[in-house]
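*Asks:* My questions all concern the structure below.
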Amino acid sequence: MIRKIISLFLILIPFNAYGLIEVDITRGNLNPLPLAVSPLSIDEKSRKEFEKLLKKENIGSEISIIVENNLRISGLFNPLDKKAFLQAPDIANLKPRFEDWNLIKAQALITGKVNYIEDKLRVEFRLWDVLAGKEMMALAFTTVPNNWRRVGHIISDKIYERLTGEKGYFDTRIIYVSEEGPKTQRIKKLAIMDQDGANNKFLTLGNELVLTPRFNPASQMVTYLSYFKNMPRVYLLDIETGTQEVVGDFPGMTFAPRFSPDGKKIIMSFAKDGKSDIYTMNLENRIVEKITNHPSIDTSPSYSPDGKFITFNSDRSGYQQIYVMRSDGSDVKRISFGNGLYGTPVWSPRGDLIAFTKLHKGKFYIGVMRTDGSGERLLTENYYQEAPSWSPNGRVLIFYRETKTNSKGEGFSAKLWSIDLTGYNERQINTPTDASDPSWSSLLSN
Amino acid sequence: MTLSKILKNTLLVLTACLVLSACATKKEVATDIQGQMQGDVYTGTDTVEYLAEGVPDRVFFATNESILTTASRETLRAQAAWLRKNPGINVVLEGHADERGTREYNLALGERRANSAKDYLMTYGISSDRITVLSYGKERPVDSGSNPLAWSKNRRSVTVKAN
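If you read the sequences in order, they're chains A and B. Position 328 of the first sequence, counting from 1, maps to 327 under numbering that gives the first Met the number 0, and the rest follow consecutively. Position 9 of the second sequence, counting from 1, maps to 8 under numbering that gives the first Met the number 0, and the rest follow consecutively.
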């Protein structure tokens with residue numbers, strides 16, 4: 000449905016990549032690529048129409064600001080200050096004077112224009128290699144005007160993909176738990192926002208405690224834990240219609256839900272008589288399968304992207320550690336053997352890594368290891384942080400961090416943070432309230 | 000007495016002294032937080048409420064543990080006696096964890112702690128029909144502090160009247 004709203008068509012075939020700029024995203028990028036995002040040019044008639052419709056004085060500049068912010072936040076690019084630009088935005092129809100852009104040390108240039116055509120927003124943009132003096136990409140989109148922010152995100156994704164060779168993650172949303180009130184009586188609501196923090200919306204009212212929302216692969220449904228009527232159960236929420244239903248109505252607590260990669264099952268824990276085991280429920284026929292059967296605590300299950308394996312944490316060895324098994328529950332293997340406790344394993348969308356939370360000597364770490372447990376790498380250390388969730392391209396992790404309170408129990412806060420897989424580019428993500436339990440959607444269009 | 004025997008005895012006395020002094024140091028550490036913790040289990044009464052006179056409503060646990068201490072078993076025996084005298088009352092056992100653990104594991108740990116208390120009440124004649132278990136994980140601390148004493152108060156199972 001989303002794909003239908005935005006029709007995307009190629010107006011020029013991209014040039015071959017050889018000899019043009021490339022950004023290596025596999026290592027910490029300490030020298031982000033300098034580039035110039037020229038404000039999208041707009042004719043006076045279109046500008047006035049969009050000002051009326053969207054209450055934005057110049058929608059061309061607004062869209063270019065979104066692109067600029069996305070590229071900057073990725074840590075891979077350094078968008079140059081517009082004040083230094085020597086050419087005006089109206090260059091969209093012409094070949095740029097590359098010398099002018101070279102002079103301000105821009106290696107890539109983004110130009111474009113916006114038109115109002117039959118109640119629609121039409122955006123055209125081009126990516127230029129300044130040193131080679133060549134066009135690298137040109138695309139045009141037509142959509143309803145209200146989608147203007149998404150156009151900015153899609154342009155960002157296309158540029159990221161063209162320059163790094165990997166899919167972007169800007170046209171995405173984050174679902175999370177909004178938190179307010181004192182630490183002993185937190186009020187928690189489900190909330191959703193664009194990846195850059197815009198369009199924040201609350202999905203529940205805060206009447207009952209809600210935790211751990213996770214998207215389905217199509218990013219239209221969310222599974223989460225709700226304490227509705229003081230019965231902690233796994234629920235399913237349709238984001239578009241707001242319909243909610245209980246899926247884990249077992250005689251005990253169901254929790255720690257996630258979707259299978261085909262979206263057809265929910266995998267979760269069921270706690271009864273002091274034991275927690277992992278179960279799946281098929282959403283089509285409601286058939287429930289027990290996957291683990293052990294007197295220990297087995298929880299936080301996450302599927303591999305091919306659906307063949309499940310990673311989870313268990314204290315069957317005496318302490319919380321990470322395990323991998325086949326999706327039918329056979330062949331259980333412990334994979335974490337470092338010092339400390341390991342929890343919240345999440346399989347990377349690329350399939351090669353598992354992100355986790357580690358607790359060691361009073362510190363919490365977010366880290367990654369290969370799926371056989373080798374190559375453990377800790378990305379960030381803090382007083383308290385947990386629950387990593389992968390960007391759809393598997394390059395960035397989002398998680399939440401809580402502060403230590405003072406001796407009077409004051410000063411508590413919970414915030415969302417992101418960090419690159421390289422361990423660089425750690426950033427706080429702004430949310431209107433305190434926030435925890437983030438889950439990153441897949442790319443909404445591609 | 001041979002010299003070797005004298006030496007042996009001296010050694011024994013020395014060892015005994017060492018053991019004793021070790022005990023003394025350990026005790027000092029334990030009483031460090033105003034005598035409110037033993038090991039890392041809370042033994043104070045700050046947060047405790049009473050179901051009836053002499054019937055405390057909660058028991059406390061060590062980090063990552065769900066084993067009942069001697070004091071906890073005493074509390075639960077008092078609760079069981081009170082429940083036997085009041086057959087019309089049902090209870091909810093609310094299990095909790097401290098903030099130093101991942102959210103989902105702590106939900107399971109809270110459930111395990113409340114079940115530990117439930118099992119003990121059942122061995123003292125309380126029917127499982129009268130007991131509901133509810134885990135809050137680390138979602139409802141009683142003490143918002145980030146220190147060992149606060150955490151020890153939060154690792155608990157609280158017996159709450161359901162009707």
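Idealized CB from N, CA, C, for every residue including glycine.
Where Ser155 of chain A and Asp433 of chain A are concerned, what is the direct C-alpha to C-alpha distance, given to the nearest angstrom?
*Replies:* Within the first sequence, the letter at position 156 stands for residue 155 of chain A. Within the first sequence, the letter at position 434 stands for residue 433 of chain A. Roughly 28 Å between the two C-alpha positions.
*Asks:* Counting only Cβ-Cβ distances shorter than 9 Å, please list the residues of the region 383-404 of chain A near chain B, keeping chain order.
*Replies:* Tyr383, Glu385, Ala386, Glu401, Thr402, Lys403, Thr404
*Asks:* According to the Cβ coordinates, are Ile109 of chain A and Val66 of chain A closer than 8 Å?
*Replies:* The count along the first sequence starts at 1 and reaches residue 109 of chain A at position 110. The count along the first sequence starts at 1 and reaches residue 66 of chain A at position 67. Cβ distance < 8 Å, so Ile109 of chain A and Val66 of chain A count as in contact.
*Asks:* Span of the beta strand (DSSP E) holding Ala51 of chain B?
*Replies:* Mapped onto the second sequence, residue 51 of chain B falls at position 52. Element bounds for Ala51 of chain B: 49-51.
*Asks:* Quick check: is the beta carbon of Phe201 of chain A nearer than 8 Å to any beta carbon in chain B?
*Replies:* Within the first sequence, residue 201 of chain A is the residue found at index 202, counting from 1. It does not: the Cβ of Phe201 of chain A has no partner Cβ on chain B nearer than 8 Å.
*Asks:* Relative to the C-alpha of Phe76 of chain A, which residue among A:Arg232, A:Leu415, A:Gln106 is closest?
*Replies:* For the purposes of this step, residue 76 of chain A is taken as the residue at position 77 of the first sequence. Checking every option, the nearest Cα to that of Phe76 of chain A belongs to A:Gln106.
*Asks:* Let me make sure I understand the geometry here. Which of A:Leu138, A:Leu208, A:Leu202, A:Ile41 has the alpha-carbon closest to that of Phe124 of chain A?
*Replies:* For the purposes of this step, residue 124 of chain A is taken as the residue at position 125 of the first sequence. Nearest of A:Leu138, A:Leu208, A:Leu202, A:Ile41 to Phe124 of chain A, Cα basis: A:Leu138.
*Asks:* Does Ile296 of chain A get closer than 8 Å to chain B when you measure Cβ to Cβ?
*Replies:* In the first sequence, counting from the first residue as 1, residue 296 of chain A sits at position 297. Closer than 8 Å to some Cβ of chain B, the Cβ of Ile296 of chain A qualifies, so yes.
*Asks:* For Leu252 of chain A, would you say it is in contact with chain B, using Cβ-to-Cβ distances shorter than 8 Å as the test?
*Replies:* Walking along the first sequence from the start, residue 252 of chain A turns up at place 253. Correcting the residue type first, residue 252 of chain A is Met in the shown sequence and not Leu. For Met252 of chain A, the answer is yes, since a Cβ of chain B falls inside 8 Å of its Cβ.
*Asks:* Does DSSP put Leu52 of chain A in a helix, in a strand, or in coil?
*Replies:* Taking the first residue of the first sequence as 1, we reach residue 52 of chain A at position 53. It is helical.
*Asks:* I'd like the list of long-range same chain contacts for Ile68 of chain B, defined as Cβ closer than 6 Å, with 5 residues on each side in sequence excluded.
*Replies:* Counting from 1 along the second sequence, the entry for residue 68 of chain B is found at position 69. It is worth fixing the name first, because residue 68 of chain B is Thr in this sequence and not Ile. Its chain contains Val40 as the residues whose beta carbon lies nearer than 6 Å to that of Thr68 of chain B, once the 5 sequence neighbours on both sides are disregarded; these appear in chain order.
*Asks:* Pull up the DSSP beta-bridge partners for Lys362 of chain A, would you.
*Replies:* On the first sequence, position 363 is the one that residue 362 of chain A refers to. Looking at the DSSP assignment, Lys362 of chain A forms a beta bridge with A:His359.
*Asks:* With distances taken between CB atoms, is the gap from Lys263 of chain A to Asn292 of chain A smaller than 8 Å?
*Replies:* Here residue 263 of chain A refers to the residue found at position 264 when the first sequence is read from its first residue. Here residue 292 of chain A refers to the residue found at position 293 when the first sequence is read from its first residue. Not closer than 8 Å, so no.
*Asks:* Closest to Glu138 of chain B by C-alpha separation, out of B:Met36, B:Val90, B:Ile88, B:Thr101, would be which residue?
*Replies:* Sequence index remark: in the second sequence, residue 138 of chain B carries index 139 (1-based). The residue among B:Met36, B:Val90, B:Ile88, B:Thr101 with its C-alpha nearest the C-alpha of Glu138 of chain B is B:Thr101.
*Asks:* If distances are taken between C-alpha atoms only, which option among A:Arg232, A:Glu165, A:Gly251 comes closest to Lys271 of chain A?
*Replies:* Taking the first sequence and counting its residues from 1, the one referred to as residue 271 of chain A is at position 272. Of the listed residues, the one whose Cα sits closest to Lys271 of chain A is A:Gly251.
*Asks:* Would you mind working out which of A:Arg349, A:His359, A:Ser388 sits nearest Arg369 of chain A, comparing C-alpha positions?
*Replies:* Sequence index remark: in the first sequence, residue 369 of chain A carries index 370 (1-based). The candidate whose alpha carbon is nearest that of Arg369 of chain A is A:Arg349.
*Asks:* Any chance the region 198-214 of chain A sits against the region 177-190 of chain A, with 3 or more Cβ pairs inside 8 Å?
*Replies:* The region 198-214 of chain A vs the region 177-190 of chain A: in contact.
*Asks:* Give the DSSP bridge partners of Gln320 of chain A, in chain order.
*Replies:* In the first sequence, the residue the question calls residue 320 of chain A occupies position 321. Gln320 of chain A pairs with A:Ser313.
*Asks:* On a CA-only basis, which of A:Lys133, A:Phe398, A:Leu224, A:Ile309 is nearest Ile173 of chain A? Give me that one, please.
*Replies:* Residue numbering aside, residue 173 of chain A sits at position 174 when the first sequence is read from its first letter. The residue with the shortest Cα to Cα distance from Ile173 of chain A is A:Phe398.
*Asks:* Whether or not the region 371-386 of chain A and the region 149-164 of chain A are in contact is what I'm after, with contact meaning three or more pairs of Cβ atoms, one per stretch, closer than 8 Å; do they touch?
*Replies:* no
*Asks:* Which chain B residues sit within Cβ distance under 7 Å of Phe411 of chain A?
*Replies:* As a working mapping, residue 411 of chain A is identified with position 412 in the first sequence. The contacting residues are Ser143.
*Asks:* Interface residues of chain A around Glu138 of chain B at Cβ under 9 Å?
*Replies:* As a working mapping, residue 138 of chain B is identified with position 139 in the second sequence. What Glu138 of chain B touches in chain A: Arg185, Lys187, Leu208, Leu210, Tyr226.
*Asks:* Quick one: any contact between the region 50-62 of chain A and the region 94-104 of chain A, if contact means 3 or more CB pairs under 8 Å?
*Replies:* no
*Asks:* First and last residue of the alpha helix (DSSP H) that includes Glu385 of chain A?
*Replies:* Taking the first residue of the first sequence as position 1, residue 385 of chain A is located at position 386. Careful: Glu385 of chain A lies outside any alpha helix (DSSP H), inside the beta strand (DSSP E) at 383-389.
*Asks:* Return the chain-ordered list of same chain residues with a C-beta closer than 6 Å to the C-beta of Gly393 of chain A, the five sequence neighbours on each side being excluded.
*Replies:* As a working mapping, residue 393 of chain A is identified with position 394 in the first sequence. These residues qualify, in order along the chain: Ser347, Pro348, Arg349.
*Asks:* With H, G and I counted as helix, E and B as strand and the rest as coil, what does DSSP make of Asp327 of chain A?
*Replies:* Start at 1 with the first residue of the first sequence, and residue 327 of chain A comes out as number 328. In this structure, Asp327 of chain A counts as coil in the three-state DSSP scheme.
*Asks:* With DSSP collapsed to three states, give me the class of Leu126 of chain A.
*Replies:* Within the first sequence, the letter at position 127 stands for residue 126 of chain A. Leu126 of chain A falls in the strand class under three-state DSSP.
*Asks:* Can you tell me where the alpha helix (DSSP H) holding Arg76 of chain B begins and where it ends?
*Replies:* What you label residue 76 of chain B is simply residue 77 of the second sequence in a count that begins at 1. Its alpha helix (DSSP H) spans residues 69-84.
*Asks:* Is any beta-carbon of chain B found at less than 8 Å from that of Gly342 of chain A?
*Replies:* Start at 1 with the first residue of the first sequence, and residue 342 of chain A comes out as number 343. Cβ-Cβ to chain B under 8 Å: yes for Gly342 of chain A.
*Asks:* Nearest to Ala354 of chain A by CA position, among A:Tyr341, A:Lys362, A:Gly361, A:Lys360, is which residue?
*Replies:* Indexing the first sequence from 1 puts residue 354 of chain A at position 355. It is A:Tyr341.
*Asks:* How would you list, in chain order, the residues of chain B whose beta-carbon sits under 7 Å from the beta-carbon of Pro437 of chain A?
*Replies:* In the first sequence, the residue the question calls residue 437 of chain A occupies position 438. Simply none; closest approach about 12 Å.
*Asks:* Is there at least one Cβ from chain B nearer than 8 Å to Asn292 of chain A's Cβ?
*Replies:* Indexing the first sequence from 1 puts residue 292 of chain A at position 293. Residue-level contact by beta carbon fails for Asn292 of chain A and chain B, as no gap is shorter than 8 Å.
*Asks:* Going along chain B in order, which residues have a C-beta closer than 7 Å to the C-beta of Gln319 of chain A?
*Replies:* For the purposes of this step, residue 319 of chain A is taken as the residue at position 320 of the first sequence. Chain B residues near Gln319 of chain A: Tyr104.
*Asks:* I need the DSSP call for Ile428 of chain A, collapsed to helix, strand or coil.
*Replies:* In the first sequence, residue 428 of chain A corresponds to position 429, counting from 1. It is a strand residue.
*Asks:* Taking Cβ positions, are Lys133 of chain A and Ser40 of chain A nearer each other than 8 Å?
*Replies:* By one-based count along the first sequence, residue 133 of chain A stands at place 134. By one-based count along the first sequence, residue 40 of chain A stands at place 41. No; because the gap between Cβ atoms is not below 8 Å, this pair is not in contact.
*Asks:* By DSSP, does Gln106 of chain A sit in helix, in strand, or in coil?
*Replies:* Residue mapping note: residue 106 of chain A aligns to position 107 of the first sequence, counting from 1. It is coil, neither helix nor strand.
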